[in-house]
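Here the structure comes first, spelled out in structure tokens, and everything after it is commentary.
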Amino acid sequence: MLYDFQDRKFQARLLSDNEESIAEVLEVENLLNSGKLIVLSSMQYLTKNGFSISSFKTKLAAALARCRIKHDALSIYHILPETVRNQEIRASTLPLYAWINTCKISPEEVYHSLKKKGYNKVKSVLHIDNKVFAVDQHCYDVLIFPSHLKSDLLNIDLFKDYKLVFQDKSRSLAVHSVKALLNMDDDILMVNSGSWYTVAHMSILTNNNTSKIFVCGVQSQAKDPDLKNLFTKMGCKNIEILHETFINLESKDHRLQKVKVILLLPRCSGLGVSNPVEFILNEHEDTGLLKDFSQGGPSEDKLHILAQQQYEQLTHAMKFTRAQAVVYCTCSVYPEENEAVVKKALEFQDHGTKVQSYR
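UniProt numbering puts the first residue of the sequence shown at 1, with every later residue one more than the last.
Rendered as structure tokens:
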């Protein structure tokens, strides 16, 4: 927020012609400019009641200048670690992924609608600057767009009506992996699914089955109305939210006797996605990780804590003897959160525990 103020020299933000006005954002902006909102910046300046943040722009600018000099940075942007800056540059060149909500529209109808909007279907979108899209080779319901088209696409009714949903491809791969393991009447247990869109995608992929999707790990029951409202808008009907933590669920729970696949989406460092900050905000993931991103990644201690939590959840999942598969999906680049966790869990299984063998 402070960077944004400084970048536009504390002038009021102007909406572009094609930008949608968001009531919540406008409310915060009005409070900031009227002085009715208390804001504490990283430079330790606090606005007082009756003063707007813009009245402190000189002090804030001076504090930012001192911070820039301290870090020998050419600009505020260069205060960020080089790894973060490089990741932002890389993210701007990577394609966008969006999956088709087949509960609301068929792929052919999406192609036709996009064509009417001037988008042409091609085999690959790499290094193309035109209005084009392609079908992903791994997930039949996922479309790929050049990154520069995002703002234009967000104003298309397909996205506004949840007929197309932007999401990192890793989540689509996870739900398709689960779908490939299911029979018609098998249930699914999704663990730590802060990603509401992933739950919705899983539901839509199993819409023609009699499968039920159990979701645990929702942080607060206060979020239930928002979740149910979103799922209703997206046409999802086979979702049941469990308020117990996964570790407190037992394999003999009568609700879970038809669960054949467990999709484990553990809390992780999140640095494996192209735009971690956007991913966390859009996917309702752990906002506590934002501080780690600004520093280039988690500390060694934090990484150890995450890996231990992942190990505990994976070994607990392996105790569900009726489950025939566990799909373990992180968004991390660290071996400590990926193959090391899986290897350790399999070793735990080999040491005499009465659980089903996994490959």
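Glycine residues also receive a C-beta, built at the ideal position from the N, C-alpha and C atoms.
Cβ neighbour criterion (16 or more within 10 Å) applied to residue i
i: Ile69; result: exposed
i: Ala73; result: exposed
i: Leu281; result: exposed
i: His316; result: buried
i: Glu347; result: exposed
i: Gly118; result: exposed
i: Pro107; result: exposed
i: Asp292; result: buried
i: Pro298; result: buried
i: Gln87; result: buried
i: Lys121; result: exposed
i: Ser269; result: buried
i: Ala307; result: buried
i: Ala65; result: exposed
i: Leu154; result: exposed
i: Asp301; result: exposed
Host alpha helix (DSSP H) of residue i (start-end)
i: Glu285; result: Run containing Glu285: none; DSSP gives neither H nor E here.
i: Tyr111; result: Pro107 to Lys116
i: Ile305; result: Glu300 to Ala317
i: Tyr197; result: Trp196 to Leu205
i: Met184; result: Taken as a continuous stretch (DSSP letters only), Met184 belongs to no alpha helix (DSSP H), as it is neither H nor E.
i: Phe231; result: Asp224 to Met234
i: Leu60; result: Lys57 to Lys70
i: Glu88; result: Glu82 to Thr93
CB contact below 8 Å: residue i versus chain B
i: Ser106; result: Looking at the structure shown, chain B is missing, and only one protein chain is on hand.
Neighbourhood of residue i by C-beta distance below 6 Å, restricted to the same chain and skipping five residues each side
i: Gly272; result: Cys331, Ser332 and Val333
i: Met43; result: Bear in mind that the predicted position of Met43 carries a pLDDT of just 37, short of 50, making it too unreliable to give a figure here.
i: Arg8; result: none
i: Lys179; result: Leu205
i: residue 374; result: Here the chain covers residues 1 to 359 and nothing more, so residue 374 does not appear.
i: Ser203; result: Ile213, Cys236, Asn238 and Ile239
i: Lys233; result: Tyr162
i: Asn207; result: Cys103
Residues of its chain near residue i, where Cβ-Cβ distance is below 8 Å and the 5 sequence neighbours each way are ignored
i: His201; result: Trp99, Val165, Gln167, Arg171, Ser172 and Val175
i: Tyr45; result: No answer about Tyr45 holds up, because its pLDDT of 39 lies below 50 and its placement is not dependable.
i: Leu256; result: Asp187, Leu189, Phe214, Leu249, Phe320 and Arg322
i: Asn192; result: Cys216, Gly217, Phe246, Leu264, Leu265, Pro266, Arg267 and Gln313
i: Asn110; result: Rather than Asn, the amino acid found at residue 110 in this sequence is Val. For Val110, where only same-chain residues beyond five positions count, the Cβ hits under 8 Å are Ile100, Leu143, Leu158, Lys163 and Leu164.
i: Ser75; result: Arg68
i: His304; result: Glu336
i: Ile128; result: Val122 and Pro146
i: Gln309; result: Pro266 and Arg267
Spatial neighbours of residue i in its chain, beta-carbon cut-off 7 Å, leaving aside the 5 residues before and after
i: Asp186; result: Ser211, Lys258, Lys260 and Val261
i: Tyr311; result: Val341, Lys344 and Ala345
i: Thr287; result: Ile280
i: Asn338; result: Thr330 and Ser332
i: His112; result: none
i: Leu114; result: Phe133
i: Tyr328; result: Leu264, Leu314 and Val342
i: Val135; result: Leu143
Closest Cα partner of residue i within the set the options
i: Asp161; options: Phe231, Pro95 and Ser177; result: Phe231
i: residue 383; options: Ile239, Val110, Thr245 and Asn130; result: For residue 383 there is no data in the structure shown, the boundaries of the chain being 1 and 359.
i: Ala91; options: Asn275, Ala325 and Tyr197; result: Asn275
i: Val132; options: Leu96, Arg267 and Glu82; result: Leu96
i: Phe246; options: Glu336, Leu149, Val218 and Ile144; result: Val218
i: Lys150; options: Ile305, Thr93 and Ser75; result: Thr93
i: Leu290; options: Gln309, Lys121 and Glu278; result: Glu278
i: Leu125; options: Ile89, Gln295, Leu143 and Ser251; result: Leu is not the amino acid found at residue 125; the sequence shown has Val there. Ranking the options by Cα distance to Val125, first place goes to Leu143.
i: Asn209; options: Ala325, Leu182, Asp301 and Glu82; result: Leu182
i: Asp157; options: Asp224, Asp136, Lys104 and Glu88; result: Lys104
i: Val296; options: Arg66, Ala65 and Glu82; result: It is Gly, not Val, that sits at residue 296 in the sequence shown. Measuring from the Cα of Gly296, the nearest candidate turns out to be Glu82.
i: Gly194; options: Cys139, Lys169 and Asp224; result: Asp224
i: Cys139; options: Ser177, Val327 and Ala307; result: Ser177
i: Lys169; options: Thr198, Asn155 and Leu306; result: Thr198
i: Ser251; options: Leu303, Ser294, Glu300 and Gln324; result: Gln324
Element boundaries [beta strand (DSSP E), containing residue i]
i: Cys216; result: Ile213 to Cys216
i: Lys260; result: Val259 to Leu264
i: Leu96; result: Leu96 to Ile100
i: Glu240; result: Ile239 to Leu242
i: Asp187; result: Asp187 to Val191
i: Ala325; result: Ala325 to Tyr328
Cβ-heavy atom distance, residue i to the ligand GDP, below 7 Å
i: Arg171; result: The ligand GDP is not part of this structure, which contains no ligands at all.
Practice item. Please specify which runs of the beta strand (DSSP E), each continuous and at least 3 residues long, are wholly inside the region 111-169, giving them in chain order. Key: Unbroken beta strand (DSSP E) runs of no fewer than 3 residues, entirely contained in the region 111-169, are found at 132-135, 142-145 and 164-166, following chain order.
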